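J.: Attaching a single structure in structure tokens format; questions to follow.
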Amino acid sequence: MPAEILDGRALARRTRKDVRVRAKRFKRKHGRAPGLDVVLVGDDPASQVYVGAKERMAGKCHIEGRVHRLPVETPMDALLALIATLNADENVDGILVQLPLPSHLDEGVVVDAIDPRKDVDGLHPVNAGALVVGRSGLTPCTPTGCMRFLEDIEYDLSGKRALVVGRSILVGKPVALMLLAKNATVSIAHSRTKDLESRVRESDVIVAAVGRPELIQGAWLKEGAVVIDVGINRLEPKEGEAPGTLVGDVDFAEAQERAGYITPVPGGVGPMTIAILLENTVLAAERRNP
Ligand code: NAD
Numbered sequence: 593m594p595a596e597i598l599d600g601r602a603l604a605r606r607t608r609k610d611v612r613v614r615a616k617r618f619k620r621k622h623g624r625a626p627g628l629d630v631v632l633v634g635d636d637p638a639s640q641v642y643v644g645a646k647e648r649m650a651g652k653c654h655i656e657g658r659v660h661r662l663p664v665e666t667p668m669d670a671l672l673a674l675i676a677t678l679n680a681d682e683n684v685d686g687i688l689v690q691l692p693l694p695s696h697l698d699e700g701v702v703v704d705a706i707d708p709r710k711d712v713d714g715l716h717p718v719n720a721g722a723l724v725v726g727r728s729g730l731t732p733c734t735p736t737g738c739m740r741f742l743e744d745i746e747y748d749l750s751g752k753r754a755l756v757v758g759r760s761i762l763v764g765k766p767v768a769l770m771l772l773a774k775n776a777t778v779s780i781a782h783s784r785t786k787d788l789e790s791r792v793r794e795s796d797v798i799v800a801a802v803g804r805p806e807l808i809q810g811a812w813l814k815e816g817a818v819v820i821d822v823g824i825n826r827l828e829p830k831e832g833e834a835p836g837t838l839v840g841d842v843d844f845a846e847a848q849e850r851a852g853y854i855t856p857v858p859g860g861v862g863p864m865t866i867a868i869l870l871e872n873t874v875l876a877a878e879r880r881n882p
């Protein structure tokens with residue numbers, strides 16, 4: 593039987609609906625909307641698109657989105673001064689510095705400067721540490737979005753074998769910890785892993801976060817496996833194909849025949865990332881203003 597497709601757009605819509613309700617309630621109680629401040633340094637075209645989408649979606653969810661656009665040559669002290677101002681501003685609930693930063697700016701130093709209670713990207717070491725020790729911090733948006741798919745289908749991870757392909761701080765490592773917290777037996781595969789195929793074959797759940805088009809073949813999957821595909825890869829157009837087709841890290845057409853559930857690309861994990869960012873903003877606002 594072909595896999596059930598996990599519709600990220602629909603799940604994101606439901607998530608945003610809940611965010612809207614909470615943001616409205618916050619505004620009634622505190623006389624202002626939750627505030628999300630996004631800092632964009634330079635003019636990277638992809639970052640401009642992402643930031644624009646975040647601002648637009650915030651507005652739709654009764655969140656006050658503000659974008660601080662800084663020139664590409666902005667020195668570190670000016671960026672840190674802006675972050676300090678946002679940290680001190682009571683009307684700012686969430687701070688997000690759009691990555692990647694221009695190469696003269698050290699991303700670690702910048703992320704460390706954000707007040708962990710306002711770190712809606714969940715990348716500050718305090719929040720990363722909270723995830724490791726099982727405390728409730730703010731969790732990174734994309735991994736949190738991945739877990740929502742499993743929660744939505746009420747998938748019981750207890751004792752299941754989960755494989756995370758990719759070990760980035762943004763996706764692979766945090767999602768592995770989240771799966772572990774739900775009692776899965778978790779493996780992490782990465783660029784040095786040998787025999788990825790065998791690791792995939794024995795896994796009940798696969799989270800692919802690599803950035804290699806269709807690296808994971810459908811034939812490798814265990815029958816009925818749950819596949820969460822985080823990868824976003826733009827293909828060179830083949831003959832007859834629209835330019836720049838997006839594909840994931842999993843060969844969707846083949847995988848669909850063997851998997852039990854699968855997220856498509858596009859329309860899977862991607863839409864959930866912004867929805868969780870907005871949810872984190874409301875959560876940060878509620879926690880700072882009980
Ligand atoms: P990254 O480049 O930081 O990490 C990639 C990881 O893949 C590394 O840990 C590396 O060890 C591993 N890897 C590389 N080659 C491998 C191989 N042959 N076998 C196994 N592992 C291998 O990337 P990232 O930031 O984690 O993003 C991964 C993908 O997810 C990218 O396509 C990115 O565009 C996408 N992404 C999507 C969203 C979303 O909202 N949907 C958010 C973040 C990232």
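Residues 593 to 882 in this note's numbering are what the sequence shown lists, from first letter to last.
We put the beta carbon where it would ideally sit given N, CA and C, even for glycine.
Keep in mind it's a predicted model, so treat the numbers as computed, not measured.
1) Round the Cβ separation of L730 and V712 to the nearest angstrom and send it over; I've been treating them as touching at under 8 Å.
2) For R753, name the three-state secondary structure that DSSP assigns.
3) Alpha carbon to alpha carbon, how far is H782 from V802?
4) Is L762 near the ligand NAD, going by C-beta to nearest heavy atom under 7 Å?
5) Give a yes or no on whether the C-beta atoms belonging to L749 and N775 are separated by under 8 Å.
6) For C738, I'd like the list of residues in its chain whose CB is within less than 7 Å of its CB, leaving aside the five on either flank, ordered along the chain.
7) Take G627 and list the residues in its own chain whose beta-carbon comes closer than 6 Å to its own, dropping the five residues that flank it on each side.
8) Assign A625 to one of two classes, buried (16 or more other C-beta atoms within 10 Å of its C-beta) or exposed (fewer than that).
9) Express the C-alpha separation of R793 and A602 in angstroms, rounding to a whole number.
10) Expressed to the nearest angstrom, what Euclidean distance is found between the alpha-carbon atoms of V702 and V633?
11) Answer yes or no: do V884 and V818 have a C-beta to C-beta separation smaller than 8 Å?
12) Does the pairing of the segment 608-619 with the segment 637-656 give three or more beta-carbon distances under 8 Å?
13) Taking only runs of the beta strand (DSSP E) that begin and end inside the segment 751-799, which ones reach a length of at least 3 residues, in chain order?
14) Taking the straight line between their C-alpha atoms, what separation do you get for Y853 and I597?
15) Rounded to the nearest angstrom, how far is the Cβ of I761 from that of L693, given a contact under 8 Å?
16) Relative to the ligand NAD, is the shortest distance from any of its heavy atoms to the C-beta of R740 smaller than 7 Å?
17) Can we count I706 as close to the ligand NAD, meaning its CB is less than 7 Å from some heavy atom?
18) When the distance is taken between beta carbons, is I745 closer than 8 Å to K710?
19) In terms of DSSP beta bridges, what is E596 paired with?
20) Give the single residue among N679, D635 and V839 whose Cα lies nearest to the Cα of R661.
21) Which of the three DSSP states is assigned to R612 in this structure?
22) For a test of the three-state rule: what should DSSP assign to R740, helix, strand or coil?
23) When you compare the CB positions of N825 and G810, do they come within less than 8 Å of one another, or not?
24) Buried or exposed: K646, going by 16 or more other Cβ atoms within 10 Å of its Cβ?
25) Flag this pair as yes or no: are the beta carbons of K814 and S790 separated by less than 8 Å?
26) Would V689 and T734 qualify as a contact pair, given that the criterion is a beta-carbon distance under 8 Å?
27) Is it buried or exposed for D669, if we count other Cβ within 10 angstroms and need 16 for buried?
28) Count the other CB atoms, across all protein chains shown, that sit within 10 Å of the CB of P708; report buried if there are 16 or more and exposed otherwise.
29) Quick check on the burial criterion: 16 or more other C-beta atoms within 10 angstroms. Buried or exposed for G721?
T.: In terms of the structure at hand:
1) 6 Å
2) It is a strand residue.
3) 8 Å
4) Relative to the ligand NAD, L762 has its C-beta within less than 7 Å of a heavy atom.
5) It is a contact, given that the beta carbons lie within the stated cut-off.
6) If you ignore the 5 residues before and after C738, its C-beta comes within less than 7 Å of the C-beta of V767, V799, I820, V822 and V861, all in its own chain and listed in chain order.
7) E656, N683, V684 and D685
8) Flag for A625 reads buried.
9) Linking A602 to R793 through their CA atoms gives a straight-line distance of about 30 Å.
10) Taking C-alpha positions only, V702 is separated from V633 by approximately 12 Å.
11) Outside the shown range of the chain (593 to 882) lies residue 884, about which nothing can therefore be said.
12) yes
13) 753-757 and 777-781
14) 6 Å
15) So it is not a contact: roughly 15 Å between Cβ atoms.
16) Outside the cutoff, so no.
17) Checking the 7 Å criterion, the Cβ of I706 is out of range of every heavy atom belonging to the ligand NAD.
18) no
19) Y853
20) D635
21) helix
22) helix
23) Their beta carbons are not under 8 Å apart, which means N825 does not touch G810 by this criterion.
24) buried
25) It is not a contact, given that the beta carbons lie outside the stated cut-off.
26) no
27) exposed
28) buried
29) Burial call: exposed.
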